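J.: Chains as they are written, first to last, in the numbering used here: chain A, 23 to 414; chain B, 974 to 1313.
Structure below; questions to follow.
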Amino acid sequence: MIETAARGTTVTASPTTSSGRALRTEEMVLNMGPQHPSTHGVLRLELVVDGEIIVDVIPHIGYLHRCFEKHAEHMTNYQQVIPYCDRMDYVASMSMDFGYALAVEKLLGIRVPERVEYIRIIMAEFQRIASHLIALGTYGLDVGAFTPFLFCFRDRERILDLFEMTCGARLLYNYMWVGGLSHDLPPGFVEKAQDFCQYFKPKIKELNDLLSYNEIFIKRTANVGVLPADVAINFGCSGPMLRGSGVNWDLRRNEPYAVYDRFDFEVQVGRGEVGTVGDCWDRYIVRVREMEQSLRIIEQAIAQLPEGDVHSAIPKRIRPPVGEVYFRTETPRGELGYYIVSDGSTTPYRVKARSPAFCNLSVIAEISRGAMIADMVAIAGSIDIVLGEVDR
Amino acid sequence: MDQLLQKLISSDVLVYLIIAVIPLLWVIPYALFAVWLERKVSAHMQDRLGPMRVGGWHGWAQTIADIIKLLQKEDIVPTAADKRLFTLAPFVVFMGSYAAFAAIPFSSAYIGSGVNIGLFYIIAVSSLVVIGLLMAGWASNNKWSLFGAMRSAAQIVSYEIPTALALLAVVMIAGSLDLQEMNRQQSGWFWNWYIFHKFPFVFLAFVIYFVASLAEVNRTPFDIPEAESELVAGYHTEYSGMKFALFFLAEYANMFAVSAIASSLFLGGWNSPFGDFLSGPLWGVFWFLSKGMFFIFIQMWLRWTLPRLRVDQLMYVSWKVLTPWAFVCVVGVGLWVLLG
Chain A
23 MIETAARGTT VTASPTTSSG RALRTEEMVL NMGPQHPSTH GVLRLELVVD GEIIVDVIPH
83 IGYLHRCFEK HAEHMTNYQQ VIPYCDRMDY VASMSMDFGY ALAVEKLLGI RVPERVEYIR
143 IIMAEFQRIA SHLIALGTYG LDVGAFTPFL FCFRDRERIL DLFEMTCGAR LLYNYMWVGG
203 LSHDLPPGFV EKAQDFCQYF KPKIKELNDL LSYNEIFIKR TANVGVLPAD VAINFGCSGP
263 MLRGSGVNWD LRRNEPYAVY DRFDFEVQVG RGEVGTVGDC WDRYIVRVRE MEQSLRIIEQ
323 AIAQLPEGDV HSAIPKRIRP PVGEVYFRTE TPRGELGYYI VSDGSTTPYR VKARSPAFCN
383 LSVIAEISRG AMIADMVAIA GSIDIVLGEV DR
Chain B
974 MDQLLQKLIS SDVLVYLIIA VIPLLWVIPY ALFAVWLERK VSAHMQDRLG PMRVGGWHGW
1034 AQTIADIIKL LQKEDIVPTA ADKRLFTLAP FVVFMGSYAA FAAIPFSSAY IGSGVNIGLF
1094 YIIAVSSLVV IGLLMAGWAS NNKWSLFGAM RSAAQIVSYE IPTALALLAV VMIAGSLDLQ
1154 EMNRQQSGWF WNWYIFHKFP FVFLAFVIYF VASLAEVNRT PFDIPEAESE LVAGYHTEYS
1214 GMKFALFFLA EYANMFAVSA IASSLFLGGW NSPFGDFLSG PLWGVFWFLS KGMFFIFIQM
1274 WLRWTLPRLR VDQLMYVSWK VLTPWAFVCV VGVGLWVLLG
């Protein structure tokens, strides 16, 4: 008997004939990916299935490994690592750069101008919205709703326009440098950003009406892939994964970095409104609500935005003292940590990235045993992995 | 119509051939149009434009261009596939859905074959589609295809029960299985349509039939046999070129067939909604096709709005929701007819 954790019902693993004799059945190994529409990249999931029921899941990663950490050791200086950080989580490049820049600045012991701090937070929060929009849109696609996907991309497009007018790039920005930014905000940015905030608030409601509270969507995601809080902590899950399980933990509030302590926002946690705490729907709705909170932070940051020169603190030559630093930030996917060892030269001796998506993905087998193949897709989507970051 | 043709042409075989081909003259242009319409409808629901270039006006020739592309494609049969079954499967599927058109009354003057058990024939012959789907899934020698085939077999067989029961409610009122006869009984104003008879039982039967027919033709929210995000493409994963196009054609033909049954049995078929206004054999074709296309549009609307159910939920809907309510309709209408 296999306990289907998702619905609390039991399914017999061995069908019987009419005379009551057990039929010999075999489990089937099914390869999901690396080319599969809903593995969100080149992830390969080896599924051991008994009919439609999943007995085991073995994730195989590494198809997108690009030696980020080794590359970082072989640049001519610290700034040159930033484009490689961009390419880790290519859906949230700003957040990747942000963490790296903060880590090196801590190693150097420099303070950046106030204006830089605020612009960084505006950009990081816009990036959070853009990243969550992709997560939510593709999640709709995973459970079979096509339209929310395009609605999300339509709104994300506006954020990318804002990034484009700031630094010229739409996906990989190389915007946050050690000690400053590549460009100051262009004229008209503030107005456009405010316009976006006004435009986007009703769109969140639209998404809720179309998808979040749709009866079929709730049926597909509530009580599916339940991740209890203790399991989430044991596996090192972070971000919406951890908060979806009801753990109130957000580095922006618990360990405020940059100037996050100056803003008023609420940390969203899963409450099990339509099912169990920590199910796929909770993880989904945490992301929706985080977008609202990000808008709040952006509005406050824009209102307080000081004047200043964004290039004044950029060091001419970066040669940190011998030592090491670990710095962690809250990216859209969770806790991103950079561990940097300096041997006193102009290049890092070692850079290690603690990637949130990698840790989040590790829990997949734990929460999908006993689910069905269709649930597998819903669970993998709710983890919101970006393979560029998992494999680095 | 067959009498007319028999007068003109002496050979019986030729007459039957011509009659057999006539629905094809509708099905193929309709499928081309419906695929284009689906793309435009989905595009406008999603804040896009959809095809805009091919042919000039709103990309009307896009699907024709697509068909030409599919015709030119290499006909790939996977090495490990069962070649004979693999080749045969798309034809069986299309045959199953096309055969249903033989008994669909397009107008008071035209029906492919005026058999007096038309409805029974349609239900029976459209079940053949399942065999084709199973063949396709099995012959592809691909686990995803097999999953899709198994799912569709389970789904279509399950949903035939509420479908047949819902139709039975109407059959009891009409006292006939002949679709032409049923259409004639609904003539006059729109309140003569069966959907407004024996309220609310027949209306409920109509809703049950419509939901179940969505599952029979694998449309969202019941598109799990070809669930793109789960099974890649289900039973037609390995198909390409014209074989794939045949599956596609069969799907759209099926969509029209179930819509045609819905409009014949519940919405008066080829009857004008306004008594004698715009009625007659030719206007009948117009009304019939309009009603059919209306249902097609609703199917598209649902597809681009709703997510997909899971396999067990799909079975739940069939066995624990639709089937019991369909029984309620049958008993309700039966008692009403018996006592009233």
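Note that the Cβ used here is the ideal one computed from N, Cα and C, for glycine as well.
A quick note: this is a predicted structure, and the numbers were derived from the prediction, not measured.
Any beta-carbon of chain A closer than 8 Å to the one on glutamate 1013(B)?
T.: One-based indexing of the second sequence puts residue 1013(B) at position 40. First, the amino acid is wrong: residue 1013(B) is lysine here, not glutamate. Chain A, which has no Cβ nearer than 8 Å to the Cβ of lysine 1013(B), makes this no.
J.: Whose Cβ in chain A lies nearer than 8 Å to the Cβ of glutamate 1224(B)?
T.: As a position in the second sequence, residue 1224(B) is number 251, starting the count at 1. Here the premise fails: no neighbours, minimum Cβ distance about 16 Å.
J.: Check whether the segment 238-248 of chain A and the segment 91-105 of chain A touch, using three or more Cβ-Cβ pairs below 8 Å as the test.
T.: Contact between the segment 238-248 of chain A and the segment 91-105 of chain A is absent, because fewer than three Cβ pairs lie under 8 Å.
J.: Along chain B, which residues have their Cβ under 7 Å away from the Cβ of leucine 52(A)?
T.: Here residue 52(A) corresponds to residue number 30 of the first sequence, with the count starting at 1. Residues of chain B passing the Cβ test: Lys1116.
J.: Starting from isoleucine 153(A), trace the alpha helix (DSSP H) in both directions and tell me its first and last residue.
T.: By one-based count along the first sequence, residue 153(A) stands at place 131. Reading off the sequence, residue 153(A) comes out as serine, not isoleucine. Serine 153(A) -> alpha helix (DSSP H) spans 136-164.
J.: If the cut-off is 9 Å on Cβ atoms, which residues from the segment 387-410 of chain A count as contacting chain B, listed in chain order?
T.: For the segment 387-410 of chain A, which is checked against every Cβ of chain B, the residues closer than 9 Å are Met394, Ile395, Ala396, Asp397, Met398, Val399, Ala400 and Gly403.
J.: Considering only heavy atoms of the ligand PLP, does any lie closer than 7 Å to the CB of serine 234(A)?
T.: Because no ligand of any kind appears in the structure shown, any question about the ligand PLP cannot be addressed here.
J.: Is any beta-carbon of chain A found at less than 8 Å from that of valine 1284(B)?
T.: Locating residue 1284(B) in the second sequence gives position 311, where the first residue counts as 1. Yes, contact with chain A.
J.: Kindly indicate the opening and closing residues of the beta strand (DSSP E) around isoleucine 75(A).
T.: As a working note, residue 75(A) is residue 53 in the first sequence. Its beta strand (DSSP E) spans residues 75-82.
J.: Check for me: the beta strand (DSSP E) holding phenylalanine 1079(B) runs from which residue to which?
T.: Indexing the second sequence from 1 puts residue 1079(B) at position 106. Note, phenylalanine 1079(B): beta strand (DSSP E), 1078-1080.
J.: Counting only the same chain and skipping the five closest in sequence on each side, list residues whose C-beta sits under 7 Å from that of asparagine 1089(B).
T.: To locate residue 1089(B), count along the second sequence from 1; it is residue 116. So the qualifying residues of the chain are Leu1150 and Asp1151.
J.: If I measure Cβ to Cβ from valine 21(A) and keep anything under 8 Å in the same chain, skipping five residues before and after, which residues do I get?
T.: Beyond the ends of chain A as shown, which are 23 and 414, falls residue 21(A); an answer cannot be given.
J.: Listed from N- to C-terminal order along the chain, which residues in the segment 1014-1025 of chain B have their beta-carbon within a distance smaller than 8 Å of any beta-carbon of chain A?
T.: Per Cβ criterion, the list reads Ser1015, Met1018, Gln1019, Asp1020 and Arg1021.
J.: From threonine 31(A) to phenylalanine 1064(B), what distance separates their C-alpha atoms?
T.: As a working note, residue 31(A) is residue 9 in the first sequence. As a working note, residue 1064(B) is residue 91 in the second sequence. Unreliable placement is indicated for threonine 31(A), whose pLDDT of 42 sits below 50; no coordinate value is reported for it.
J.: Let's test the definition: count the other Cβ atoms within 10 Å of the Cβ of isoleucine 1168(B) and tell me whether it reaches 16, buried, or not, exposed.
T.: Residue 1168(B) sits at position 195 when you count from the first residue of the second sequence. By the 10 Å Cβ count, isoleucine 1168(B) comes out buried.
J.: Quick test of your reading: glycine 266(A) and glycine 300(A), contact by CB under 8 Å. State the CB separation rounded to the nearest angstrom.
T.: As a position in the first sequence, residue 266(A) is number 244, starting the count at 1. As a position in the first sequence, residue 300(A) is number 278, starting the count at 1. With 8 Å as the limit, glycine 266(A) and glycine 300(A) qualify as a contact, their Cβ atoms being about 6 Å apart.
J.: What is the DSSP secondary structure of arginine 339(A), reduced to helix, strand or coil?
T.: Here the question's residue 339(A) lines up with position 317 in the first sequence. Reduced to three states, the DSSP call for arginine 339(A) is coil.
J.: Beta-carbon of asparagine 236(A) versus every beta-carbon of chain B: anything under 8 Å?
T.: One-based indexing of the first sequence puts residue 236(A) at position 214. For asparagine 236(A), the answer is yes, since a Cβ of chain B falls inside 8 Å of its Cβ.
J.: For methionine 110(A) versus alanine 400(A), is the C-beta spacing smaller than 8 Å?
T.: Position 88 of the first sequence, counted from the first residue, corresponds to residue 110(A). Position 378 of the first sequence, counted from the first residue, corresponds to residue 400(A). Contact flag unset, no.
J.: Can you give me the C-alpha to C-alpha distance between arginine 1281(B) and tyrosine 122(A), rounded to a whole angstrom?
T.: The count along the second sequence starts at 1 and reaches residue 1281(B) at position 308. The count along the first sequence starts at 1 and reaches residue 122(A) at position 100. Those two C-alpha atoms are separated by around 41 Å.
J.: I'd like to know if the segment 1097-1105 of chain B and the segment 1175-1185 of chain B are in contact, where contact means that at least 3 CB-CB pairs between them fall below 8 Å.
T.: Too few Cβ pairs lie closer than 8 Å, so no.
J.: In this structure, how does DSSP classify asparagine 1165(B) when only helix, strand and coil are distinguished?
T.: On the second sequence, position 192 is the one that residue 1165(B) refers to. Correct three-state label for asparagine 1165(B): helix.
J.: Distance, Cα to Cα, leucine 1140(B) vs alanine 215(A)?
T.: In the second sequence, residue 1140(B) corresponds to position 167, counting from 1. In the first sequence, residue 215(A) corresponds to position 193, counting from 1. Cα-Cα distance, rounded: 57 Å.
J.: Taking Cβ-Cβ distances shorter than 7 Å, what residues in chain B pair up with valine 77(A)?
T.: Counted from its first residue, the first sequence places residue 77(A) at position 55. Within 7 Å Cβ-Cβ: nothing; valine 77(A) doesn't reach chain B, min ~15 Å.
J.: Kindly list, in the order they appear in chain B, the residues whose Cβ is closer than 9 Å to that of alanine 152(A).
T.: Taking the first sequence and counting its residues from 1, one reaches residue 152(A) at position 130. Those within 9 Å of alanine 152(A) in chain B number zero; the least Cβ separation is about 17 Å.
J.: Where in the segment 1002-1087 of chain B do unbroken runs of the beta strand (DSSP E), each at least 3 residues long, occur, reported from the N-terminal end onward?
T.: Within the segment 1002-1087 of chain B, the complete beta strand (DSSP E) runs of at least 3 residues are 1078-1080.
J.: Can you tell me the Cβ-Cβ gap for tyrosine 1208(B) and alanine 1122(B), rounded? I've got them flagged as a contact below 8 Å.
T.: To locate residue 1208(B), count along the second sequence from 1; it is residue 235. To locate residue 1122(B), count along the second sequence from 1; it is residue 149. 5 Å between Cβ atoms; contact.
J.: For phenylalanine 1172(B), count neighbouring C-beta atoms within 10 Å of its own C-beta (all shown protein chains included) and say buried if the count is 16 or more, exposed if not.
T.: As a working mapping, residue 1172(B) is identified with position 199 in the second sequence. It is exposed - the Cβ of phenylalanine 1172(B) has fewer than 16 other Cβ atoms within 10 Å.
J.: Checking 8 Å against the spacing of the C-beta atoms, do valine 77(A) and glutamate 49(A) come in under that value?
T.: Taking the first sequence and counting its residues from 1, one reaches residue 77(A) at position 55. Taking the first sequence and counting its residues from 1, one reaches residue 49(A) at position 27. Yes, the Cβ-Cβ distance between valine 77(A) and glutamate 49(A) is below 8 Å.
J.: Output the boundary residues of the alpha helix (DSSP H) element that contains serine 60(A).
T.: For the purposes of this step, residue 60(A) is taken as the residue at position 38 of the first sequence. Premise fails: serine 60(A) is in no alpha helix (DSSP H) and is neither H nor E.
J.: Between threonine 369(A) and chain B, is there a C-beta pair that is closer than 8 Å?
T.: Reading the first sequence from its first residue, position 347 is the one you call residue 369(A). No, because no Cβ of chain B sits closer than 8 Å to the Cβ of threonine 369(A).
J.: Since glycine 162(A) meets chain B, which of its residues come closer than 8 Å, beta carbon to beta carbon?
T.: The residue given as residue 162(A) occupies position 140 in the first sequence. What glycine 162(A) touches in chain B: Pro1280.
J.: Where alanine 167(A) and tyrosine 1182(B) are concerned, what is the direct C-alpha to C-alpha distance, given to the nearest angstrom?
T.: In the first sequence, the residue the question calls residue 167(A) occupies position 145. In the second sequence, the residue the question calls residue 1182(B) occupies position 209. Going by the C-alpha atoms only, they are around 23 Å apart.
J.: For the beta strand (DSSP E) that contains arginine 192(A), what are its first and last residues?
T.: Locating residue 192(A) in the first sequence gives position 170, counting from the first residue. Here arginine 192(A) belongs to no beta strand (DSSP E), and DSSP marks it neither H nor E.
J.: Between glycine 166(A) and chain B, is the shortest Cβ-Cβ distance under 8 Å, so that the two count as touching?
T.: Taking the first residue of the first sequence as position 1, residue 166(A) is located at position 144. So, interface residue.
J.: Measuring CA to CA, which of Phe1059(B), Ile1041(B) and Val994(B) is closest to isoleucine 1049(B)?
T.: In the second sequence, counting from the first residue as 1, residue 1049(B) sits at position 76. Considering only alpha carbons, the answer is Phe1059(B).
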